[in-house]
Every structure is written in C-alpha cells, then in structure tokens.
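Asks:
In our numbering, the protein residues as written are 387 to 862.
(1) Closer than 8 Å by C-beta to residue 670: which residues in its own chain qualify, once you throw out the five before and the five after it? Chain order, please.
(2) Runs of 4 residues minimum, wholly inside the segment 739–778: which ones carry the alpha helix (DSSP H) assignment?
(3) Among the candidates 652, 802, 787, 811, whose CA atom is the shortest distance from the CA of residue 836?
(4) Taking its Cβ as the centre, do 16 or more other Cβ atoms sit within 10 Å of residue 436, making it buried, or is it exposed?
(5) What does the alpha-carbon distance come out to for the pair residue 703 and residue 719?
(6) Where does residue 795 fall in DSSP's three states?
(7) I believe residue 564 touches residue 438 by the beta-carbon criterion, under 8 Å. Please report the beta-carbon distance rounded to the nearest angstrom.
(8) Whole beta strand (DSSP E) runs in the segment 636–717 with 3 or more residues, listed along the chain?
(9) Would you mind stating whether residue 530 and residue 459 have Cβ atoms separated by less than 8 Å?
(10) Need the endpoints of the beta strand (DSSP E) that residue 483 sits in, please.
(11) Per DSSP, residue 633 is paired with what?
(12) What number of angstroms, rounded off, separates the C-alpha of residue 655 from the C-alpha of residue 484?
(13) Exposed or buried, residue 544, counting other C-beta atoms within 10 Å across all chains shown (16 or more means buried)?
(14) Suppose you measure from the CA of residue 391 to the CA of residue 591; what does that come to, to the nearest Å?
(15) Rounded to a whole number of angstroms, what is the C-alpha to C-alpha distance between residue 687 and residue 642?
(16) Considering only residues of the same chain and omitting the five flanking positions on each side of residue 618, which have a CB-CB separation below 8 Å?
(17) Tell me the DSSP bridge mates of residue 620?
(18) Is there contact here, the segment 568–582 with the segment 444–451, by at least three beta-carbon pairs under 8 Å?
(19) Mind checking residue 724: buried by the 16 CB within 10 Å criterion, or exposed?
(20) Could you spell out the range, first to last residue, of the beta strand (DSSP E) harbouring residue 430?
(21) With the cut-off set at 8 Å, would you say residue 453 and residue 636 are in Cβ contact?
(22) Following the continuous beta strand (DSSP E) through residue 440, name the residue where it begins and the one where it ends.
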C-alpha cells in the first residue's frame, strides 16, 4: 500500500480557483502560524462558533501531509524515577530537550551538572539557553504541579515557550495563539485560579534556593502562558512509551471532531506532520481529535472535552441521530456491568469477571461493547498462553472499530498487527494473515509515516513477549 508523505507540491490537482475561494476572514498576521511552504494549499479562516480554524484548498487522499512543522517547544512527562536519589528520567531513552530518541547514542550532559541530558552536542548548543533558565527548577515544578493537580509537563512547557518567545518569529506565533486567563475564566475558573497560584509560587524568591555563590535566573511560568498551553498543546508519543507535550502553531488551528480527517503524527525531535486519514474535499475544514479515546459514548466524549478543553462538542458525529440511536443506546444495566467488571479485572485482578466483559462484547454493537472488548484485550495481553482468546476478542472488536473510528487510525494498526502476530505464531489462515499484515501496514503508513516514532513504538509494543527477530521474520 503506497501513500504520499511529501509536502503540498504532490497534492492532488483538484484545487479551488483563487477567484472562487471561500471568503478569508482571518485577522492580519494570522497566516504567520502556518509554515510558508503550505500557504497555497491550506488557509486560516474564522469560524463563527469555533474561532480560528484551518481548511484545505486542495483535495487530499489518506496518507497525504497537510503540513509539517517544528513544535514551538516540547516537554517530556515529568513523572520521575530515582535510583539512590539520582533522577534517571529520560536519560537512557530520550533527549530531555528536543524529545528525540537517543537510539543507543551517548547522551550529552548538561554543562550546569544537573541530571538532564541532551541527545548530542549540537542539541545542547541549540537548547542551552532555554535549559539554563529551567535547569534548577525542574524538580520543583514537578512537585508544584502535583500539589495543584496540574500536569507537571505543562508547567515545563510553559517555561520553555516563554523562553522560545525571545526569538521574534516564535514570539509572534505564540502571541497569535488563542487562550488567555480572561477567556478561560468563565469556563474554567478553578483551573485559572490554580495557574495564578502556580505563577505566584514559581516567582517567589524562595521557590528554589540557589547554591552559595550562584544566582538563579527567574522561573518563567506565567498564568497567561499556561492558559495558551492548556488550550493549544497536544500530547505526542515519545520513545520508550513516554508521552511528550508539544505546542504547535499550525496544528493548533485544527478544530476537534469525533470523526477527524487528520492525525497529528510525531516524527521525532519535535517535528510533527498533520497526516490525512480520510478524504478531504477542496474547501473542507481540517480536523483532528482532542480525545485519546474516540470509542466512548457521545455523552462520555462531550464530558471529557468539557472537562479538558472547555467546550461542548457539536461535531457531525455528536449531532447524528443514527449515532445516538445505535452507538449510545446502551441501557443503564449494561453500563453498570461494564463499570463493575472493569474495576474487578483491572484493579482487583479478579479474572472471573472476564466473562462479563466478553458477554458485553458479544452483545449489542455499541460503545459499551467496545469498551468491554478493549479492557479484555488489555488484560489478556498481560497473560501467557491466551492467544486464542485474544484472537476472538480482536475479531469481535474489528467491526466496532470500523464503526467509531476514521477510515485509518492508530488503534486499527495495533489491532491488525496483534492479529497478524497471533496468526504468524500459531499458523493461522494465510489469507487472513496477509489481510491483517496489509491492513496494519496501511494504517501505520497513513497515520504515522514510515519509520516514525509512533510506528516504531507500536511495533515495539506488539513485539513484547517474543524476540524481535522472531516476530519480524513472521510478519515481514
């Protein structure tokens, strides 16, 4: 299965003529949010309900790249591990600064002598000034985020964005991003109050005590920047199953849809591609998903978006009467069984409740069935000698994923690759094995791009439990 990973020069020739394009209403200077190479193929427009959005000026096929950009800044997950008091977070797997994989290379130490490393001397030179401003504060920011119930990586990201804004071009992009304390106060007053307390604590003279004879630079964690980060940042997968928070100028313009036509793919070292996963017509809005799970009911999806993004979703899927009648129609009794069985299996490790999950999966084709199947799949993958049971679950999950997900999606790649692994290991039907391999490769190539961080992370997860050589020999 072949797909395009090139820029706009290889897009389809179906283009809206310049004299017939939809009226542009973007504010002066907003075009600076987009990489200049894509100015002729996408445009920013003002939606009356959503604010600034992005739409395509050309027809796009799955696998096309709408745009590719460098993140304004990235920040790793700040859940630290310690061995004898020494921070070992990210040292062996990923650069603490650009989020690039070390891939067996020797990490380059911080000149200030802290425990956080760069992936190379060039990376150290490029990020030295930003790191110098945050070096002494990382542990304190992690503790402050935990105290205020705010994800600590957001604090570090806000600090890095503030430092990056010293560059005039980056500063212009950051200034154009939507999100402010005043705008968020009505929908998220409690969160804004937490941001203001964080700013006050981080700016206090005693936030971190400097070593004798040294003077620390100010800690740049501001409430206004935290609001921009909260509204615009995306979570990207990094090496070794770590997550990376990133602030993007172009992709931040994409509105949410519960059936998106694009996927944000992390290509490594903070480089992000907006990849098409469903056909986009000329003039059609470019959308992504702000949710980690599109398989929930409409009510669950809207509740999560209201909690994390502060709006009520009114996308085409959420407004579909047939969707509500079919996908969201599970009676309360099924929901209660799902909640109880999931708790018993995942928390209490009571495996006899697996039957309740498989019964739900085999019942009505709704959101409850999908969630039950995913819990069962996740649980069985941690067991031994249960490939037959996993295969039955994957067969039942496939039509449910087709119902609730876009044409191509990362979870589909995982599902088909797992199914292919089982067929390869146990000598299953050859035609079915080839179908799963083809579908897994197509979903991976279209969503991630060949050789991307996400594709390699997915393959590493699927290889778990057997040697890489055995699995690659079986599948490729």
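A virtual CB, placed ideally from N, CA and C, is assigned to each residue, including glycine.
Replies: This is what the structure holds:
(1) One-based indexing of the chain shown puts residue 670 at position 284. Counting only Cβ-Cβ distances below 8 Å, and skipping sequence neighbours, we find 441, 442, 647.
(2) Runs of the alpha helix (DSSP H) lying entirely within the segment 739–778 and spanning at least 4 residues, in chain order: 740–747, 753–766.
(3) By one-based count along the chain shown, residue 836 stands at place 450. Answer by Cα proximity: 652.
(4) Mapped onto the chain shown, residue 436 falls at position 50. Exposed, by the Cβ-count rule.
(5) As a working note, residue 703 is residue 317 in the chain shown. As a working note, residue 719 is residue 333 in the chain shown. In this structure, the straight-line span from the alpha carbon of residue 703 to that of residue 719 is close to 25 Å.
(6) Residue numbering aside, residue 795 sits at position 409 when the chain shown is read from its first letter. Coil at residue 795, not helix or strand.
(7) In the chain shown, residue 564 corresponds to position 178, counting from 1. In the chain shown, residue 438 corresponds to position 52, counting from 1. With 8 Å as the limit, residue 564 and residue 438 qualify as a contact, their Cβ atoms being about 6 Å apart.
(8) The beta strand (DSSP E) runs of length 3 or more contained entirely in the segment 636–717 are, from start to end of the chain, 648–654, 657–662.
(9) The residue given as residue 530 occupies position 144 in the chain shown. The residue given as residue 459 occupies position 73 in the chain shown. With contacts defined as CB atoms closer than 8 Å, residue 530 and residue 459 fail to qualify as a contacting pair.
(10) If you number the chain shown from 1, residue 483 lands on position 97. That residue, residue 483, is in no beta strand (DSSP E); it is neither H nor E in DSSP.
(11) Within the chain shown, numbered from 1, the residue matching residue 633 stands at position 247. Residue 633 pairs with 459.
(12) On the chain shown, position 269 is the one that residue 655 refers to. On the chain shown, position 98 is the one that residue 484 refers to. Cα-Cα distance, rounded: 5 Å.
(13) Counting from one through the chain shown, the residue named residue 544 turns up at place 158. Buried: at least 16 other Cβ atoms inside 10 Å.
(14) For this step, residue 391 is matched to residue 5 along the chain shown. For this step, residue 591 is matched to residue 205 along the chain shown. Reliability fails at residue 391, whose pLDDT of 35 lies under 50, so the model's placement of it is uncertain and no value is given.
(15) Residue 687 sits at position 301 when you count from the first residue of the chain shown. Residue 642 sits at position 256 when you count from the first residue of the chain shown. If I take the Cα positions, the gap works out to 11 Å.
(16) Your numbering for residue 618 matches position 232 in the chain shown. Within the same chain, residue 618 has close Cβ partners 563, 564, 565, 633, 634, 638.
(17) Counting from one through the chain shown, the residue named residue 620 turns up at place 234. Its beta-bridge partners are 632.
(18) Touching, no, given that fewer than three Cβ pairs across the two stretches are closer than 8 Å.
(19) Stepping through the chain shown from its first residue, residue 724 is reached at position 338. Counting C-beta atoms within 10 angstroms of its own C-beta, residue 724 has 16 or more neighbours from the protein chains shown and is therefore classed as buried.
(20) For this step, residue 430 is matched to residue 44 along the chain shown. Where residue 430 is concerned, the enclosing beta strand (DSSP E) stretches over 428–433.
(21) As a first step, residue 453 must be located in the chain shown, where it is residue number 67. As a first step, residue 636 must be located in the chain shown, where it is residue number 250. Between residue 453 and residue 636, the C-beta spacing is below 8 Å.
(22) If you number the chain shown from 1, residue 440 lands on position 54. Start and end: 437–442.
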